[in-house]
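Shown next, in structure tokens, is the structure this report addresses.
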Amino acid sequence: MDIKKHKITVEVNGKKVTAEVEPRLMLSDFLRQNLGLTGTHVGCEHGVCGACNVMLDGRSARSCLTYAVQVDGARIETVESLGTIDKLHPLQVAFWEKHGLQCGYCTPGMLISAKELLEKNPKPTREEIIDHMSGNLCRCTGYQNIIDSIAYAAELMAAERAGQPAE
Amino acid sequence: MKPAPFEYSKAGSVADAIALLQGSDGNAKIIAGGQSLGAMMNLRMASPEMLVDINGIDELKQIGISGDHLHIGAMVRHVDVAESAHVNESFKLLRYAYTFVAHASVRNRGTLGGNVCHADPASELPAVLQALEAKMKIAGAGGERVVPASEFFVGIFETAVEPDEMLIEIQIPLATGKKNWGFCEASIRLGDFAYLAVATTCDLAGGKASNVRVAYAGLADPSMRCGEVEALLEGKELSDELCDEAGKLAAKILPVSGDLQVSEEHRKDLARSLTVRALAMARS
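Respectively, the protein sequence lines represent chains A and B. All residue numbers for the first sequence refer to the working numbering, where the first residue is 709 and numbers rise by one. All residue numbers for the second sequence refer to the working numbering, where the first residue is 184 and numbers rise by one.
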């Protein structure tokens, strides 16, 4: 089968990238294999687990249910965009301090979903955190530390906005 | 798993999309949000030879009131339907039902139009749209036609849309938004598809219900209204006794089956109890 490839130009973590892709190449595989951004994880490949979550044009999306060919002209942010080892995002600080991860497999998806929640709702109740995060599955932690981490990150981000630096 | 190979075309307009569907001899599928079809393709439960991407057709992305209907374009994402001021103010049943639908990332990309065209019998929205007496506007080479929701869901994963046609708009009468409503669902987890759901609307005047609509999802058949239950309630006071009778009737006649997670017996009982609860919501 001689499937036609398509040229895409997409902004990934602030950088413009051009590539020729087969239509069935998923965005998750494009990010991981073509761009070497292995922070985005592949869990179920049918939209249930959320490990593959990325931000697509400012909204969280399952990269396993998006074809790379569809994101021509779009703006993608992966977990790699959150922070660096020298300057962690408050979410990363919070997950670290509150033990919000064990194996780390679900964590990139959790961070993206949490980032979206705190952008929309900077002071969520515990119920609101649970509700928003219900689209991300974790096999290790039992979820409570993840919820604690996000609640703590909200505090850190509020403090940052108020002018006190996050630790 | 990875999907089987397919060709890809991005449609610039509705006419473009229809021409691409026609040219493919029934081997093409439309891709909107991809939250249902993409999952099926990754599991290799579907392998169309071509995908026609309609994400670039701006005319399908409008949601607004015109005349006495709310018009929702086929490409409007679930999140934009659920958070629209029109839906929040005028269609509280739809707003409430959306709290049971999937999760943020899925609602960000999935579309209401795609959901109804996919016609999963366990999906809540086809039942809700039937209770709201929505109409589906379909475009094909021969022009446009409007099909009422009660005639749109013809089979399991099968709708009135022909292979060379596409849904372009869902219209919901403002009048049905003003009716009393109820919605109840049972699912494994919040956000999962329903293993039984009931959506109901009715006018209540002088203690009597009229224009009663009761629709079900999670059946062994496509989601549907139950005419017998509606007839039982029409013109009557929604007393506890009558609602119980309606529940028992629903359990007796609705087509339900069992699977690994939920037995037939349990579904029958849910048909009964959720009917009663949904009617209780509607009359309060």
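Backbone N, C-alpha and C fix where the C-beta goes; we use that ideal spot for every residue, glycine too. This structure is a prediction, so every number in the text was calculated from the model and none was measured.
Which whole runs of the alpha helix (DSSP H) in the region 815 to 839 of chain A are 4 residues long or more, in chain order?
Correct list: 815 to 828.
Go through its chain and collect everything with a Cβ distance to Ala302/B's Cβ below 7 Å, but skip five positions before and after it.
Cβ neighbours of Ala302/B beyond the five flanking positions: Pro309, Phe336, Phe340, Glu341, Thr342 and Pro405.
Is there a Cβ from chain B that is less than 9 Å from the Cβ of Gly758/A?
Chain B contact via Cβ: present.
What residue range does the alpha helix (DSSP H) around Phe366/B cover?
Taken as a continuous stretch (DSSP letters only), Phe366/B belongs to no alpha helix (DSSP H), being part of the beta strand (DSSP E) at Asn363 to Ala369.
Just curious, the beta strand (DSSP E) that Cys385/B is in, first and last residue?
Its beta strand (DSSP E) spans residues Leu379 to Ala388.
Please list, in chain order, the chain A residues whose beta carbon lies closer than 9 Å to that of Leu226/B.
Going along chain A in sequence order, the residues near Leu226/B (Cβ under 9 Å) are Glu753 and His754.
Does the distance from the CB of Leu733/A to the CB of Asn721/A come in under 9 Å?
The answer is no: Cβ separation not under 9 Å.
Can you name the residues of chain A whose CB is closer than 7 Å to the CB of Asp236/B?
Chain A residues near Asp236/B: Gln778.
Considering only residues of the region 203 to 255 of chain B, which uninterrupted alpha helix (DSSP H) runs meet the minimum length of 4 residues and lie entirely inside it, listed in chain order?
List check, alpha helix (DSSP H) in window: 220 to 225.
Are the beta-carbon atoms of Val725/A and Lys713/A separated by less than 9 Å?
Contact flag unset, no.
Residues in its own chain within less than 6 Å of Ser857/A by CB, not counting five upstream and five downstream?
These residues qualify, in order along the chain: Ala802, Phe803, Lys806 and Gly808.
Interface residues of chain B around Gly843/A at Cβ under 8 Å?
Residues of chain B passing the Cβ test: Ala285, His286, Ala287, Ser288, Val289 and Gly374.
If the cut is a Cβ gap below 7 Å, which residues of chain A does Arg278/B touch?
Per Cβ cutoff of 7 Å: no residues; Arg278/B is ~15 Å from chain A at best.
Would you list the one or two residues that DSSP bridges to Lys715/A?
Lys715/A is bridged to Glu728/A.
What is the DSSP secondary structure of Phe283/B, counted as helix, strand or coil?
Correct three-state label for Phe283/B: coil.
Between which residues of its own chain and Asp251/B is the CB-CB distance below 8 Å, once the five residues before and five after are set aside?
Excluding positions up to five away in sequence, the list reads Pro356, Leu357 and Ala358.
In terms of residue numbering, what span does the alpha helix (DSSP H) encompassing Lys435/B cover?
Counting along the chain, the alpha helix (DSSP H) containing Lys435/B begins and ends at Asp423 to Ile436.
Does the region 288 to 303 of chain B come close enough to the region 769 to 786 of chain A that 3 or more CB-CB pairs lie under 8 Å?
Contact between the region 769 to 786 of chain A and the region 288 to 303 of chain B is present, because at least three Cβ pairs lie under 8 Å.
Let me make sure I understand the geometry here. Which of Gly326/B, Met233/B and Ala369/B has the alpha-carbon closest to that of Leu457/B?
Considering only alpha carbons, the answer is Ala369/B.
Pairing CB atoms from the region 206 to 226 of chain B with CB atoms from the region 290 to 300 of chain B, are three or more of them under 8 Å?
Taking 8 Å as the limit for Cβ pairs, the verdict is that the region 290 to 300 of chain B does touch the region 206 to 226 of chain B.
Which bits of chain A does Gly430/B rub up against, with CB to CB less than 9 Å?
In chain order: nothing, as chain A lies at least about 30 Å away.
So which residues on chain B does Cys814/A lean against when the C-beta distance must stay under 7 Å?
Within 7 Å Cβ-Cβ: nothing; Cys814/A doesn't reach chain B, min ~13 Å.
For Ser736/A, tell me which candidate among Glu785/A, Thr849/A and Tyr860/A has the shortest Cα-Cα distance.
Ranking Glu785/A, Thr849/A and Tyr860/A by Cα distance to Ser736/A puts Glu785/A first.
List the residues that DSSP assigns as beta-bridge partners of Ile355/B.
Note: Ile355/B sits in a beta bridge opposite Leu253/B.
Taking the alpha helix (DSSP H) that Asn721/A belongs to, which residues open and close that run?
Note, Asn721/A: premise wrong, no alpha helix (DSSP H); not H, not E.
Which of the residues in the region 187 to 199 of chain B, read from start to end, lie with their CB under 7 Å from any CB of chain A?
Residues passing the 7 Å Cβ filter: Pro188, Phe189, Glu190 and Tyr191.
So, Gln354/B versus Val329/B, is the Cβ gap smaller than 9 Å?
It is a contact, given that the beta carbons lie within the stated cut-off.
Is the number of C-beta pairs between the region 424 to 438 of chain B and the region 396 to 414 of chain B that are closer than 8 Å three or more?
A contact exists between the region 424 to 438 of chain B and the region 396 to 414 of chain B.
In terms of alpha-carbon separation, which member of Ala229/B, Ile201/B and His269/B lies closest to Phe189/B?
Comparing Cα positions, the closest option is Ala229/B.
Do you know how far the Cα of Pro798/A is from the Cα of Gly410/B?
Taking the straight line joining both Cα atoms gives about 56 Å.
Who are the near neighbours of Ala727/A in its chain, counting only those whose CB is closer than 7 Å to its CB and skipping five residues on each side?
The answer, listed in chain order, is Ile716 and Asn742.
On the DSSP letters alone, give me the boundaries of the alpha helix (DSSP H) that Glu411/B sits inside.
Unbroken alpha helix (DSSP H) run through Glu411/B: Gly410 to Leu416.
Can you name the start and end residues of the beta strand (DSSP E) that Tyr399/B belongs to?
That run of the beta strand (DSSP E) goes Lys391 to Ala400.
Please check the pair Lys193/B and Gly239/B, which I expect to be a contact at CB under 8 Å, by giving their CB distance rounded to whole angstroms.
Confirmed, about 6 Å.
With DSSP run on the structure shown, which of helix, strand or coil describes Ala200/B?
DSSP places Ala200/B in helix when its eight states are reduced to three.
Residues in the same chain with beta-carbon distance under 6 Å from Glu719/A, minus the five sequence neighbours each way, listed in chain order, please.
For Glu719/A, where only same-chain residues beyond five positions count, the Cβ hits under 6 Å are Arg783.
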